[in-house]
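Residue numbers for the sequence shown follow the UniProt record's numbering, beginning at 1 and rising by one. Here the structure comes first, spelled out in structure tokens, and everything after it is commentary.
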Amino acid sequence: MVSFLRALLYGAGGVVVVGVATLVAFQEKLVYVPVLPGLPRSYPMTPARLRLDYEDVWIRSSDGVRLHSWFVKHDPPVRGPTILFFQENAGNIAHRLEFVRVMMQRLHCNVFMLSYRGYGESDGYPSQHGIIKDAQAALDHLTQRNDIDASRIVVFGRSLGGAVGTVLAKNNPDKVSAIILENTFTSILDMAGIMMPFLKWFIGGSASRGPKVLNCLVSSPWSTIDIIGLIKQPMLFLSGLQDELVPPSHMQMLYSKAVEHNRNCRFVDFPTGMHMDTWFSGGDRYWRNIQLFLDQYVPEIQQCKSSCKVDDDDDDNAHSVKFASLSQCNVQKMPKM
């Protein structure tokens, strides 16, 4: 009996050791999947295939990595909003073109699609610290363009992209007008316990109860749950309740944490939405909720200015009234669906 228990203990220990070794050796390959199995790294198509007007944009991150992006322009041209889109962890930006095409049709916006380092035609290798730099470079590029309304930049992130967008919004409260998160996880630490259940007792985010002794081994923790409460911009949470990869409870936890500190949060769930098809299965209701969110929190500046009537000779008064008008535009109540 003692020998059996000892063998069982050794076996369990061996499983843990193998799991830890796998985590350390392959964690970046589990978190970042630039190339889908059986497919080349190159783009299967460009926006031109869908008759979208676009330009190739090459930018450099602060550490010198050369990044490729597409700036997809609404036709006819519009001044805003401009959606800064951050994709999921697998594949490249070309795999999201159909979604972007419908987004532009429904929301009448421009879309900037960033290829993270190591993805698509971008140089380098993906990592959390690197991708955070990539996202900042994309936002800095947009704020310097003269063909968009830089005051109406909205971050949209799905899954990993939501984690990326959350960090960017927190770091740039004056440049990002609002953020939309779809099917995003609380942290990679929590996801590790879901992907490898035997690790859940040793690794996890702030929402986990385990001892978390292996957290230090994770190089890309993406702890969105620890950042979400620091964001001051309006936030829209879109959750597919049939998500087969990220438990829908993660989105609920993110929303609950955010709304404790930010009154301008909205949560919408979609009963049949899965991880990748929530936008499709949600249909008109999906796009209508996004449009209402944008109308409320990212309105056209001209609409706000038109409500301001001030004496041109009183510059101080003019500035005060203008600021008040813009604030009023951002606190309208969202119509009920």
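For glycine and all other residues, C-beta sits at the position ideal for the given N, C-alpha and C.
What's the C-alpha gap between residue i and residue j?
i           : j           : result
residue 269 : residue 158 : 14 Å
residue 43  : residue 85  : 17 Å
residue 34  : residue 234 : 30 Å
residue 77  : residue 57  : 18 Å
residue 195 : residue 174 : 37 Å
residue 45  : residue 260 : 43 Å
residue 242 : residue 273 : 5 Å
residue 313 : residue 112 : With a pLDDT of 43 at residue 313, under the threshold of 50, the modelled position of that residue is not reliable, and the figure given next carries that caveat. Cα to Cα, the separation comes out at about 40 Å.
residue 144 : residue 151 : 11 Å
residue 29  : residue 244 : 20 Å
residue 250 : residue 256 : 10 Å
residue 306 : residue 294 : Unreliable positioning characterises residue 306 in this predicted model, as indicated by a pLDDT of 41, which lies under 50. A coordinate reading is not provided.
residue 82  : residue 37  : 32 Å
residue 123 : residue 178 : 29 Å
residue 50  : residue 95  : 12 Å
residue 240 : residue 266 : 15 Å
residue 54  : residue 80  : 15 Å
residue 89  : residue 31  : 7 Å
residue 289 : residue 238 : 9 Å
residue 247 : residue 225 : 14 Å
Taking all protein chains shown into account, do 16 or more other C-beta atoms lie within 10 angstroms of the C-beta of residue i, making it buried, or fewer, making it exposed?
i           : result
residue 134 : buried
residue 283 : exposed
residue 258 : buried
residue 73  : buried
residue 129 : exposed
residue 182 : buried
residue 126 : buried
residue 311 : Reliability fails at residue 311, whose pLDDT of 42 lies under 50, so the model's placement of it is uncertain and no value is given.
residue 47  : buried
residue 146 : exposed
residue 39  : exposed
residue 87  : buried
residue 296 : buried
residue 285 : exposed
residue 298 : buried
residue 62  : exposed
From the DSSP output, read off the bridge partner residues of residue i.
i           : result
residue 235 : 179, 265
residue 54  : 72
residue 111 : 72, 83
residue 33  : 90
residue 189 : DSSP, once it has assigned bridges, lists no residue as partnering residue 189.
residue 59  : 67
residue 240 : 270
When you compare the region 181 to 195 with the region 147 to 165, are there three or more beta-carbon pairs, one atom per stretch, that lie closer than 8 Å?
Yes: the two stretches touch, three or more of their Cβ pairs being nearer than 8 Å.
For the region 113 to 162, which segments carrying the beta strand (DSSP E) assignment without a break, of at least 3 residues, lie completely within its bounds, in sequence order?
Counting only runs of 3+ residues, the beta strand (DSSP E) found wholly inside the region 113 to 162 occupies 153 to 158, in chain order.
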